[in-house]
Amino acid sequence: MVKAKTAAGSEAQWHEAEAEFALYTGGAGQGCDVQRELSLSALLEVNDLRVEFDTYGGTVQAVRGVSFSLDKGKTLAIVGESGCGKSVTVQSIMGLIPMPPGRITSGTAMLDGVDVIAEKKIDGKDIRGRLVGMIFQDPMTSLNPTMTIGDQIAETLQVHQGMSHRAAFSRAIDLIDMTRIPEAAKRARQYPFEFSGGMLQRSMIAMSLACEPLILVADEPTTALDVTIQAQILDLMGDLQRERGMAIILITHDLGVVARMADEVLVMYAGEVVEKGGVDDVFYRSAHPYTLGLKAAMPSNRDDSAQVLTPIDGSPPDLFAPPAGCGYFARCPYAMQACEDNHPESFDLHADHFARCWLHHEGCDVEAADVHRKAVETAPAPE
Ligand SMILES: Nc1ncnc2c1ncn2[C@@H]1O[C@H](COP(=O)(O)OP(=O)(O)OP(=O)(O)O)[C@@H](O)[C@H]1O
Ligand code: SF4
Ligand SMILES: [Mg+2]
């Protein structure tokens, strides 16, 4: 990691951006303060993760050297457009990459002192199921339509914790109740088709919490839900996190959800992390042109008729043959000649905030502050 020539943007510009961004979020992230009170100790450390898939068209380099860490009790959001490697990153940690066609070619993921990429079992038991719980966008694809919800949660407890069916079913009812599904004992005896979308997602959360995981991984958990149910599910996740002190990895396309839930944000593009930092840094002091592009393309909370959204032109590079230089070169409004052939390094902007972009190199004559100013100027004006 290289130290950047300058912090991105003046204080005045930051405040301007802050005011503008508050429109998207409806105010400050509500979960963050409470989460900051929880104890800080590195729980997950992912280093240089690389994942490929063999396909008929060639080898897809889906994840290209991803590194990040996550502290106990914190929420890390992963954002980036479709196909950038968000799901493959977390699936690698969970042991869910199908091999073949997938292949983890390098990397470690130290979870509570164990490399979960190298080690699959401890004392004959699957460690990942116990350490990480996962909820998916579409619960129906993860639930068995022929088993009751209670039996499915109980089965998890029987397999991972060696409980009897009777004890496991009773615990399943407690877990269903914990996710605020009314009449938990009755609901535990029902099948997935008898549940609404919101209740299915609550059931998935109950199942993922069954083994008291250290990390809850949520891959687009609320995308398929309407806004009211979405807010309820996010509140539930936040409450459970505070009660249990677990960490959350949240994958989402919704930057409003990120602002509301996350402590830290990982911005991914074409299989790489292009910016990482605290939620305030990434939103208010955005340092990578792609992050600025994502923000400009995002709808805000205000009246629809007044919004001007600016989509990012073009498409991501071909991951069969990723470019030698910056993956964002073809779409970047600030691209310089040097960006085409030289792969950008990561530049430290300040504590725990970095961006992979040549604009932050000390030899670059485009001021990073200019980038930020232009982004603020082109963003919709606050009302
Ligand atoms: N089983 C697979 N076989 C071949 N390629 C795959 C497989 N799974 C993922 N990929 C490829 O890996 C890349 C990253 O996929 P990934 O699912 O992580 O994207 P994503 O960021 O989660 O996108 P989305 O937002 O659409 O869910 C994509 O190019 C995808 O086509
Ligand atoms: S390295 Fe160059 S092309 Fe890539 S994002 Fe930065 S300015 Fe744009
Ligand atoms: Mg995905």
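If you're matching positions, the sequence shown starts at 2 in the numbering used here and goes up one per residue. The C-beta atom is built at its ideal place from N, Cα and C for all residues, glycine as well.
Those residues having their beta-carbon less than 7 Å away from any non-hydrogen atom of ligand 3 are, in chain order, Lys87, Ser88, Asp220, Glu221, Ile252. Counting along the chain, the unbroken beta strand (DSSP E) around Ala356 starts and ends at 354–357.
Proximity of the segment 326–342 to the segment 275–295 meets the contact definition, three or more beta-carbon pairs being nearer than 8 Å. For Ala110, the CB stays at least 7 Å from every heavy atom of ligand 1. With 16 or more other Cβ atoms inside 10 Å of its own Cβ, Arg286 counts as buried.
Every alpha helix (DSSP H) stretch that sits fully inside the segment 182–221 and reaches 4 residues is listed by chain position as 185–188, 198–210. Per DSSP, Gln138 lies in no alpha helix (DSSP H) segment and is marked neither H nor E. When C-alpha distances from Pro290 are compared across Met95, Asp281, Tyr270, Gly279, the shortest belongs to Tyr270. Taking 8 Å as the cut-off, the beta carbon of Leu217 is found no closer than this to the beta carbon of Ser204. Every residue with a CB closer than 7 Å to a heavy atom of ligand 2 is listed here in chain order: His289, Pro290, Tyr291, Cys327, Tyr329, Phe330, Cys333, Tyr335, Ala336, Met337, Cys340, Pro345, Cys358, Trp359, Leu360.
Taking the Cβ of Ser83 as the reference point, at least one heavy atom of ligand 1 falls within a distance shorter than 7 Å. Between the segment 57–69 and the segment 235–244, the count of Cβ pairs shorter than 8 Å is below three; the stretches do not touch.
Annotation for Ala260: the continuous alpha helix (DSSP H) segment containing it runs 256–262.
Not a single heavy atom of ligand 1 lies less than 7 Å from the C-beta of Pro140. In this structure, the C-beta of Phe54 approaches ligand 1 to less than 7 Å from one of its heavy atoms. Taking Pro318 as the centre and dropping the five residues before and after it, the same chain places the C-beta of Ala271, Pro324, Gly328 closer than 6 Å to its C-beta, in chain order.
In the DSSP assignment, the residues bridged to Gln62 are Glu53. Taking C-beta atoms as the reference points, Ala78 and Ala263 count as a pair closer than 8 Å. Burial is judged here by how many other beta carbons sit within 10 angstroms of a residue's own beta carbon; Phe196 has at least 16 and is buried. With fewer than 16 other beta carbons inside 10 angstroms of its own, Lys121 counts as exposed. Counting along the chain, Leu235 sits inside the alpha helix (DSSP H) bounded by residues 228–245.
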